[in-house]
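**Q** Numbering (my numbering), first residue to last: 2 to 506. Dropping a structure here in structure tokens format, bear with me for questions.
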């Protein structure tokens, strides 16, 4: 595992998609926080610094044909793969650059409406973090938006020693390989079994280590075996970005902006007494033991008048993005004082199961109109925070065609890859995660496959693939066929209608 300035260089990262940093998602955060959104209908520009495999940039480019997208990464394998995906999907509005942060100043780049960094800032050196801030200062438009995610404190305080122990058991000066990573994990596992006080007195560290053991090697290499691995308090990030002239306005994790979900009335009253916004965020982080933050900053955007915000939000439409199979909805009780009325949630989800709604339209439904408006609004926000709903639009023909080309390319490209992948939706302008069998069924829909069971089982037989049920690989062929038939029936009943409504096919 070669390194470039302490960062893993020759082991490719996983194909991750981060919907929170899409232009439409960031615009929704702006509206929630009382700021004017960026106009997306007149052309705009986005830059993803440290874009990895470029999946998010490609998805967003397909969902925003009117936008201009740039992805930058130092790993040539990542950039080659991203460019090939864009070529296959016939995307002409995305450009990928192979460059390290110290080469950014020499690139012929425009100024950007959005600059995003996901999974980068905690994993690079202080010198590179300075280069990132310089880039934002130089390349962000006035009125522009920055998305910056990072490992945060105090959430990592109890867990960081596990990572330190892992890297202590490897030679960080050498080119690490999978054998050394496996060896370090094995040694920590043996130490844990010896009743070390750290593990005996720290159940969260035990859970964290158990989860690490399930992760693929390339994920572990990039997340935990870099030379640089830093956790930050929110105040540290605000101080770092101050020279770029940007101001924190909220979190791209929608639920983190909803105090009624996260805090009791007593906690909310205490927070209201704190005037300093940085201190307020710090207190919130201690209250929820925040481990990962997705901060959103702006450079001089205008505030919405209260009347304009109250008029704008109720008209935003939302779409269901999770198939509503029986008993499939799981909503944790929030820490706050919100009252979860199961009847109201059932009515709201039932409505979204039929079509998209705005809050304004939802409040006009006869059964829902019987509830307090504030309760309906809070239930809607809770479902958004839980990932059941996303902001939606009526897509143009240009957008629909752009996404169709992208999705067909992904379906063909990943037909023999059993890992979950993402397709694009023109309705929510973001990625939708799909497992292998549903993707092949969508491919079958597009290619007029008459017998999906024979189609998929034929691929499984040729490539010796087996399905997984309840975490276990099915070894019997008959059990595989039985499970495949169940998955096909569930897909046709629940997932296929939703994918059509979302414009995925």
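Here a beta-carbon is modelled for each residue, glycine too, at the ideal position from N, C-alpha and C.
1. Express the C-alpha separation of residue 72 and residue 115 in angstroms, rounding to a whole number.
2. List in chain order: all unbroken beta strand (DSSP E) runs of 3+ residues lying wholly within the region 374-426.
3. Where do the ends of the beta strand (DSSP E) carrying residue 99 lie?
4. Who are the Cβ neighbours of residue 269 in its own chain at under 6 Å, not counting the five residues just before and after it?
5. I want to know whether the region 406-419 touches the region 80-89 - three or more CB-CB distances under 8 Å.
6. Is residue 192 helix, strand or coil when you go by DSSP?
7. Give a yes or no on contact between the region 469-479 and the region 274-292, applying the rule of three or more CB pairs nearer than 8 Å.
8. For residue 488, which of helix, strand or coil comes out of DSSP?
9. Determine the closest residue to residue 482 out of 463, 455, 491, with distance taken between C-alpha atoms.
10. Could you tell me the distance, in whole angstroms, from the CA atom of residue 11 to the CA atom of residue 222?
11. Check each candidate in 322, 53, 52 and name the one with the smallest Cα separation from residue 502.
12. I need the boundaries of the alpha helix (DSSP H) containing residue 215, first residue and last residue.
13. So, for residue 310: in the same chain, excluding its five sequence neighbours on each side, which residues have a beta-carbon less than 6 Å away from its beta-carbon?
14. Taking the straight line between their C-alpha atoms, what separation do you get for residue 511 and residue 212?
15. May I ask which residues mark the beginning and end of the beta strand (DSSP E) holding residue 48?
16. Ignoring anything shorter than 4 residues, give me the alpha helix (DSSP H) runs that lie fully in the region 146-180, in order along the chain.
17. Below 8 Å, can you find three or more Cβ-Cβ pairs linking the region 234-247 to the region 147-158?
18. Since residue 237 is in the alpha helix (DSSP H), which residue starts that stretch and which ends it?
19. Ends of the beta strand (DSSP E) at residue 71?
20. Can you tell me the Cα-Cα spacing of residue 1 and residue 349, whole angstroms?
21. Identify the residues that DSSP records as bridge partners of residue 248: which are they?
22. For residue 114, which three-state DSSP category applies?
23. Cβ of residue 393 within 9 Å of Cβ of residue 438?
24. What are the boundary residues of the beta strand (DSSP E) that includes residue 320?
25. Residues in the same chain with beta-carbon distance under 6 Å from residue 97, minus the five sequence neighbours each way, listed in chain order, please.
26. Buried or exposed: which applies to residue 164, given that a residue is buried once 16 or more other Cβ atoms fall within 10 Å of its Cβ?
27. Less than 9 Å separating the beta-carbons of residue 48 and residue 24?
28. Would you kindly report the start and end of the unbroken beta strand (DSSP E) that includes residue 433?
**A** Taking the geometry as given:
1. 12 Å
2. Runs found: 390-393, 422-426.
3. It spans 95-99 - the beta strand (DSSP E) in which residue 99 sits, taken as one unbroken run.
4. Listed in chain order, the non-local C-beta contacts of residue 269 below 6 Å within the same chain comprise 260, local neighbours out to five positions each way being set aside.
5. Note that the region 406-419 touches the region 80-89; at least 3 beta-carbon pairs, one per stretch, sit closer than 8 Å.
6. helix
7. Taking a cut-off of 8 Å on C-beta distances, the region 469-479 does not touch the region 274-292, as fewer than three cross pairs fall below it.
8. helix
9. 455
10. Because residue 11 carries a pLDDT of 47, less than 50, the predicted location of this residue cannot be relied on, and the following value inherits that uncertainty. Separation of residue 11 and residue 222 (C-alpha to C-alpha, rounded to the nearest whole angstrom) is 10 Å.
11. Its Cα nearest to that of residue 502, the residue 322 stands out among 322, 53, 52.
12. From DSSP, residue 215 is part of no alpha helix (DSSP H); its letter is neither H nor E.
13. 35
14. Past the boundaries of the shown model lies residue 511; the chain is included only from 2 to 506, so the question cannot be answered.
15. 45-50
16. 161-169
17. yes
18. 235-242
19. 68-74
20. Residue 1 lies beyond the residue range present for the chain, which begins at 2 and ends at 506; the question has no answer from this structure.
21. Under DSSP, residue 248 forms a beta bridge with 299.
22. Residue 114: strand per DSSP, three-state reduction.
23. no
24. Taken as a continuous stretch (DSSP letters only), the beta strand (DSSP E) holding residue 320 covers 318-321.
25. 55, 72, 80, 83, 84
26. buried
27. With contacts defined as CB atoms closer than 9 Å, residue 48 and residue 24 fail to qualify as a contacting pair.
28. 431-435
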